[in-house]
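Colleague: Okay, handing you the structure first.
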Ligand code: PEP
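Numbering (our numbering), first residue to last: 11 to 259.
Now the structure itself:
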C-alpha cells in the first residue's frame with residue numbers, strides 16, 4: 011500500500027433484496043475492521059436510504075451513479091442533492107459496466123463527476139482497459155484518455171479516489187497480477203504528476219478493482235502504489251469483505 015489512507019469500496023451493483031441486504035448490513039455492523047481504512051459500500055439506489063440508516067457510521071455509503079446537474083424533469087435519474095439528503099457521501103463514476111454496457115462516454119462521465127464534486131460528494135473515478143486494448147498495447151493510452159476526461163473538469167482532486175479496474179478482470183475471476191496492477195498504478199501516478207501536480211500525484215489514492223477476493227487481496231495490498239480496492243462480487247459477503255478491508259499493510 012502507498013502512503014495515503016487505505017480505501018476499500020464495496021460495489022453491490024444490481025444485486026440484493028431487502029432480506030439479503032439486511033443480513034449483509036448486520037454482518038458488516040458486527041465485523042471487526044482495521045481503524046486506519048476508509049470503508050464505503052455502494053448499494054443499489056432503492057436500498058440506499060435503508061442501508062444508510064441501518065449501517066454503522068464506521069462505513070460510509072456511496073451511490074452507483076448520479077445525474078449531471080440539479081434534479082427536475084429527468085425521468086429515472088437520481089440527483090446529487092437527493093443523495094446528500096439521505097446521507098450518501100460518495101458516488102461511483104466511470105465504472106466499466108456503465109461505459110461499455112450502458113454506453114456512457116468520457117465527457118458525460120466527466121460532467122457527472124464534476125457536478126458531484128462541486129456539490130460536495132466524493133467521487134470514485136473508474137478507469138480501465140478492455141482485453142483487446144491491453145492485447146493491442148493500448149492500456150496506458152486508454153487509461154490516460156479516461157483520466158484526462160476527469161482531469162479536464164474536476165474542480166479539485168481532494169475528494170477523488172481513482173479506481174483502476176481492467177475490464178477483463180471485472181466479474182471474471184481473472185484478477186490482474188500484483189505486478190500488472192502496480193505497473194498501471196505507478197503510470198497513473200506519473201501521469202498525475204506531469205499533468206496535474208506533484209501534490210495531487212502523491213495524495214490521490216489509486217485503488218485496484220477486478221476480481222479481488224479474500225485470498226488475493228494480501229499480495230495486491232503489498233504493492234507500493236495500490237492504496238485499496240474496489241470490490242464487486244466479494245463485497246456481497248460481509249466476512250470476506252472485512253478480510254479485504256483488513257488486508258491493509
Ligand atoms: C467492480 O464492479 O468494481 C468489480 C471490481 O467487480 P468484481 O470484484 O466482481 O470483479
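C-beta: ideal position from N, C-alpha, C; glycine also.
Does the Cβ-Cβ distance between residue 126 and residue 52 come in under 7 Å?
Modeller: One-based indexing of the chain shown puts residue 126 at position 116. One-based indexing of the chain shown puts residue 52 at position 42. No; because the gap between Cβ atoms is not below 7 Å, this pair is not in contact.
Colleague: Here's the rule: buried if 16 or more other CB atoms are within 10 angstroms of the residue's CB, otherwise exposed. What is residue 156?
Modeller: In the chain shown, residue 156 corresponds to position 146, counting from 1. Classification for residue 156: buried.
Colleague: From the DSSP output, in three-state form, read off residue 124 for me.
Modeller: Counting from one through the chain shown, the residue named residue 124 turns up at place 114. The answer is helix: DSSP assigns residue 124 an H, G or I state.
Colleague: Mapping the DSSP letters down to three states, classify residue 255 as helix, strand or coil.
Modeller: Residue numbering aside, residue 255 sits at position 245 when the chain shown is read from its first letter. Reduced to three states, the DSSP call for residue 255 is helix.
Colleague: Given 8 Å as the limit, is there contact between the segment 174 to 190 and the segment 122 to 142, that is, 3 or more CB pairs closer than that?
Modeller: Between the segment 174 to 190 and the segment 122 to 142 there are three or more inter-stretch CB-CB distances shorter than 8 Å, so the stretches are counted as touching.
Colleague: May I ask whether a heavy atom of the ligand PEP can be found less than 6 Å away from the beta carbon of residue 25?
Modeller: Walking along the chain shown from the start, residue 25 turns up at place 15. Because no heavy atom of the ligand PEP lies under 6 Å away, the Cβ of residue 25 does not count as near it: no.
Colleague: In angstroms with no decimal places, state the Cα-to-Cα distance between residue 55 and residue 34.
Modeller: Locating residue 55 in the chain shown gives position 45, counting from the first residue. Locating residue 34 in the chain shown gives position 24, counting from the first residue. Roughly 16 Å between the two C-alpha positions.
Colleague: Leaving out five residues on either side along the sequence, give the residues of the same chain with a beta carbon under 8 Å from the beta carbon of residue 163.
Modeller: Residue mapping note: residue 163 aligns to position 153 of the chain shown, counting from 1. Excluding positions up to five away in sequence, the list reads 120, 121, 123 and 124.
Colleague: Would residue 11 pass as a contact of residue 252 if the rule is Cβ separation under 7 Å?
Modeller: Position 1 of the chain shown, counted from the start, is the residue given in the question as residue 11. Position 242 of the chain shown, counted from the start, is the residue given in the question as residue 252. No.
Colleague: Just tell me which of 15, 13, 41 and 14 has its CA closest to the CA of residue 245.
Modeller: Here the question's residue 245 lines up with position 235 in the chain shown. Answer by Cα proximity: 41.
Colleague: DSSP has residue 17 in a bridge; who is on the other side?
Modeller: The residue given as residue 17 occupies position 7 in the chain shown. In DSSP, residue 17 forms a bridge with 48 and 238.
Colleague: Beta strand (DSSP E) containing residue 31: first to last residue?
Modeller: Taking the first residue of the chain shown as 1, we reach residue 31 at position 21. No beta strand (DSSP E) contains residue 31, which is instead part of the alpha helix (DSSP H) from 28 to 40.
Colleague: Could you have a look at residue 22 and say whether DSSP puts it in helix, strand or coil?
Modeller: Indexing the chain shown from 1 puts residue 22 at position 12. Coil.
Colleague: For residue 201, report the span of its beta strand (DSSP E) as first-last.
Modeller: Position 191 of the chain shown holds residue 201. Here residue 201 belongs to no beta strand (DSSP E); instead the alpha helix (DSSP H) covers 188 to 205.
Colleague: Under 6 Å: does the beta carbon of residue 236 sit that close to some heavy atom of the ligand PEP?
Modeller: In the chain shown, counting from the first residue as 1, residue 236 sits at position 226. Because no heavy atom of the ligand PEP lies under 6 Å away, the Cβ of residue 236 does not count as near it: no.
Colleague: Anyone know if the C-beta pair for residue 258 and residue 16 falls short of 7 Å?
Modeller: For the purposes of this step, residue 258 is identified with residue 248 of the chain shown, where counting begins at 1. For the purposes of this step, residue 16 is identified with residue 6 of the chain shown, where counting begins at 1. Annotated as proximal: residue 258 and residue 16, with beta-carbon spacing under 7 Å.
Colleague: Enumerated in chain order, which unbroken segments of the alpha helix (DSSP H) with a length of 4 residues or greater are wholly contained in the segment 139 to 196?
Modeller: Under the rule that a run must span 4 or more residues, the alpha helix (DSSP H) segments found entirely inside the segment 139 to 196 read 141 to 145 and 149 to 161.
Colleague: What does a CB cutoff of less than 6 Å around residue 233 pick up in its chain, not counting 5 residues either side in sequence?
Modeller: Here residue 233 is taken as the residue at index 223 of the chain shown, counted from 1. The answer, listed in chain order, is 188 and 192.
Colleague: Considering only residues of the same chain and omitting the five flanking positions on each side of residue 37, which have a CB-CB separation below 7 Å?
Modeller: Translated into the one-based positions of the chain shown, residue 37 becomes position 27. Excluding residues within five positions, the ones whose Cβ falls inside 7 Å are 248 and 249.
Colleague: Exposed or buried, what is residue 242 when buried is set at 16 or more other beta-carbons lying within 10 Å of its beta-carbon?
Modeller: Stepping through the chain shown from its first residue, residue 242 is reached at position 232. Buried, because 16 or more other Cβ atoms sit within 10 Å of the Cβ of residue 242.
Colleague: Which residues in the same chain as residue 159 place their Cβ atom closer than 7 Å to its Cβ, once the five residues preceding and following it in sequence are excluded?
Modeller: As a first step, residue 159 must be located in the chain shown, where it is residue number 149. Only 116, 117, 119 and 120 meet the Cβ criterion.
Colleague: Helix, strand or coil: how does DSSP classify residue 112 here?
Modeller: If you number the chain shown from 1, residue 112 lands on position 102. Residue state, collapsed to three classes: helix.
Colleague: According to DSSP, what are the bridge partners of residue 103?
Modeller: As a position in the chain shown, residue 103 is number 93, starting the count at 1. In the DSSP output, where bridge partners are listed per residue, residue 103 has 135.
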